[in-house]
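>
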Amino acid sequence: MIEAKILEQTGEALRKLYGHELAPGSIGLERTKKEITGDFTIVVFSLLKISRKSPEATATEIGTFLQQNMPEIADFNVIKGFLNLVLNDQFWLKFMMKNAFQPDFGFYKTRQERPVVLEYSSPNTNKPLHLGHIRNNLLGYSLAAILKANGHKVIKVNLVNDRGIHICKSMLAYMKWGNHETPVSTGIKGDHLIGKYYVLFDKKYKSEIHGLIEKGLTEEEAERQAPLIMEAQELLQKWEAKDHETIALWKQMNGWAYEGFDLTYQRLGVDFDHIYYESETYLLGKKLVMEGLENGTLTKKEDGSIWADLKNEGLDEKLLLRADGTSVYMTQDIGTAQLRYDDYHPSSMIYVVGNEQNYHFDVLKKVLARLGKEYGSHINHLSYGMVELPQGRMKSREGTVVDADDLMDEMFRTAEETTRELGKANELSTSDAGNLFKTIGLGALKYFILKVDPKKNMMFDPGESIDFNGNTGPFIQYTYARIQSLLAKADAAGFLWKDAKISTHIALLPLEKETIKRLYQFQETVAQAGEEVSPAIVANYVYDLAKVFNQFYQELPVLKEEENEKLLLRLMITYFVGETIRKSMALLGIQVPARM
RNA sequence: GGUUCCGUAGCUCAGUUGGAUAGAGCAACAGCCUUCUAAGCUGUGGGUCGCGCGUUCGAAUCGCGCCGGGAUCACCA
């Protein structure tokens, strides 16, 4: 890349001009600001100690040296301490002709044999997916694509929370009040049916607590002694004891949940290489905990419960096994980590999990270290922010949960309405139109969520629909569709732009150059998104690319350009932009339509 | 209370890891379709980067202290 060469030559300049060696990393190189002439800028302030001259003189001397020693540099200018370098058009043209037709432009070769295990989604089988899960799923899917583009082998895994006290709650409610309903008999999607019983449990449980408090118990006592919660706990013990009827019901209800999840995943366009179930990992977790107890790294309390004492490491005590022998979330996560490590011997394990669980992962890593598991230090928690509503976070009790299936339905509907209003669905067959609405609706939703820095909380207002204009998915998709239309017309007109040999000596107009520069930045965007594990970087990039191309498209004729070489050049730029949009959007898990 | 994250235009978000006059979109207003798709393009207005000190050639960015908000500190997951 040209940046490395500039830095190297700048180091050379410092050596020749001032007799000083400097590590290349300590020179500040950045892109030149939009309003100023130039492509790259060296900030010379930090070099003044070496040159012992004014900023202007230093910048001018280095600029002169670079211009003499680098054929790519056509010119330079100095403003205060900023050395702005202008690359010649030949450099940009060569770059484009070399890469425009390379399918893997911007992607990196395999660099690590051991895979990365990436966990995302991780639903509970007691309720359907909601907006929070959507953010999780989109982040996970996109990150997998970005890591692959960076040359990593990625194993996408899902960890299903299919056991535990919460599952027993919906099972118990179903046993008591279910009347043998099924998804078929009710016409309710399986995961939603189970969610109904989870909510019902909560409602009945609350009213029991309320009754007990009126009888004079404290809230804490009431919560612990309510008959329903005690029954749920008994059910959990029966489950861990593999009681036949309990297991049968559990299998049946989980099956319903899986059918529902599969449908939602399919609509959302996410997938997994391996699905782990807590019910398959918690026993291994228990075993590891017992080993820890034997070798003295864990402690047992009088009631028989087992704990990790992490007070010396700045954390608290953490329960790992209850007195009745049943396991908790942490127990199974220990087992899951071990199983995953045994299965894949990964170079690292990434968990896409909300930032509300930061503490959990601190504890997990410390407990694994306690147990002597070195892979614990390669656990990477991608901690993402919550999706907030105008009234705060989603609460199932207050009915403010935004359901994943409902939201997608709404997006498809809005996409259809908007498309029909614009009269763009008229010439399409019914099935093509249906696919287009899905592509656009999902594109809007996915881009809306992924353009925000994963680490930050984000706001979603269900009251106002997601935009289709401006900095949105459909804007980028539309840009792509226009490009395809233009290219189809070029082919129909018989322009042989794909094999065209264009002179590298023609002069570029500002908008032509700006567009090629954006394409050049795709490589570093992919790398940066991988380093920072952030799809938002790709999203912001592809928006900028589309925006600049739209200016290009608006201001410059392509097919109507009179000079043949210019016409071919512009077609080539157009194609390259289309491909880069498509690839960027694919990194986000967003499809692009050939027309819209 | 301890730990931790956050605070940028009316709203939603960027800001290249300390650089030049802080940027987009939405919303508002004014223009551009007999010419490659107007889900587009152009322009106008809109800012004490929460507040205050400090570090230095230079701070939205780093440090300290306040103010405000979120998360977490479960025998829930």
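Residue 1458 is where the first sequence starts when you use my numbering, and the numbers rise one by one after that. All C-beta atoms, glycine included, are put in the ideal place defined by N, C-alpha and C.
1) Thinking C-alpha only, which one of ASP1956, VAL1858, TYR1722 and ALA1794 is nearest HIS1838?
2) Compute the Euclidean distance between the alpha carbons of ILE2030 and MET1916, then round it to the nearest angstrom.
3) Contact check, PRO1580 vs PHE1718 under 8 angstroms by CB: the rounded distance?
4) Judging by CA-CA distance, which residue of PRO1560, ASN1812 and ALA1984 is the nearest neighbour of TYR2032?
5) Identify which residue in GLU2018, VAL1810 and ALA1601 has its Cα closest to the Cα of HIS1590.
6) Which class does LYS1699 belong to by DSSP, given the choice of helix, strand or coil?
7) Kindly indicate which three-state DSSP category MET1687 falls into: helix, strand or coil?
8) Name, in chain order, the residues that DSSP records as bridge partners for GLU1576.
9) Tell me whether TYR1654 is buried or exposed, calling it buried when 16 or more other Cβ atoms sit within 10 Å of its Cβ.
10) So for MET1916, helix, strand or coil by DSSP?
11) Taking 8 angstroms as the threshold (C-beta atoms), are VAL2049 and TYR1937 in contact?
12) Considering only the beta carbon of each residue, do LEU2044 and ILE1807 sit closer than 8 angstroms?
13) For ILE1651 versus ASN1583, is the C-beta spacing smaller than 8 angstroms?
14) What's the C-alpha gap between ARG1568 and PRO1803?
15) Count Cβ pairs between the segment 1891-1898 and the segment 1869-1880 that sit closer than 8 angstroms; are there 3 or more?
16) What is the DSSP secondary structure of LEU1776, counted as helix, strand or coil?
17) Once you ignore the five residues that flank GLU1971 on each side, which residues in its own chain have a CB closer than 7 angstroms to its CB?
18) As a quick exercise: from MET1710, GLY1485, LEU1965 and ILE1507, pick the residue whose alpha carbon is nearest that of ILE1463.
19) By the 10 Å Cβ neighbour count, where 16 or more other Cβ atoms means buried, how is TYR2010 classified, buried or exposed?
20) Across which residues does DSSP place THR1756 in a beta bridge pair?
21) Taking buried to mean at least 16 other C-beta atoms within 10 Å of its own C-beta, is GLY1920 buried or exposed?
22) According to DSSP, is ASP1496 helix, strand or coil?
23) HIS1835 by DSSP, collapsed to three states: which one?
24) Can you look up VAL2034 in the DSSP assignment and give me helix, strand or coil?
25) Can the beta-carbon of GLU1529 be found less than 8 angstroms from the beta-carbon of PHE1548?
26) Considering only DSSP beta bridges, list what ASP1532 is partnered with.
27) Hey, how far is the Cα of ASP1860 from the Cα of HIS1587?
28) Could you pull the start and end residues of the alpha helix (DSSP H) that TYR1655 belongs to?
29) Within a Cβ cutoff of 6 angstroms, which residues of the same chain sit near LYS1613, ignoring the five residues on either side of it in sequence?
30) Could you pull the DSSP bridge partners for GLU1845 from this structure?
31) Tell me whether ARG2052 sits in a helix, a strand or coil according to DSSP, three-state version.
32) Do LEU1550 and PHE1497 count as a contact pair if the criterion is CB distance below 8 angstroms?
33) Classify ASN1581 as helix, strand or coil using the three-state DSSP reduction.
34) Buried or exposed: which applies to TRP1634, given that a residue is buried once 16 or more other Cβ atoms fall within 10 Å of its Cβ?
35) On the three-pair Cβ rule with 8 angstroms, is the segment 1622-1631 touching the segment 1690-1703?
36) Hey, quick one: how far does the beta strand (DSSP E) through ILE1732 stretch, first residue to last?
Checking against the coordinates, here is how it stands:
1) ALA1794
2) 37 angstroms
3) 6 angstroms
4) PRO1560
5) VAL1810
6) coil
7) helix
8) VAL1614 and TYR1808
9) buried
10) strand
11) yes
12) no
13) yes
14) 14 angstroms
15) yes
16) strand
17) VAL2005
18) GLY1485
19) buried
20) TRP1764
21) exposed
22) coil
23) helix
24) helix
25) yes
26) VAL1543
27) 4 angstroms
28) 1647-1671
29) LEU1575, ALA1601, PHE1729 and ASP1730
30) ARG1850 and MET1916
31) coil
32) no
33) strand
34) exposed
35) yes
36) 1731-1734
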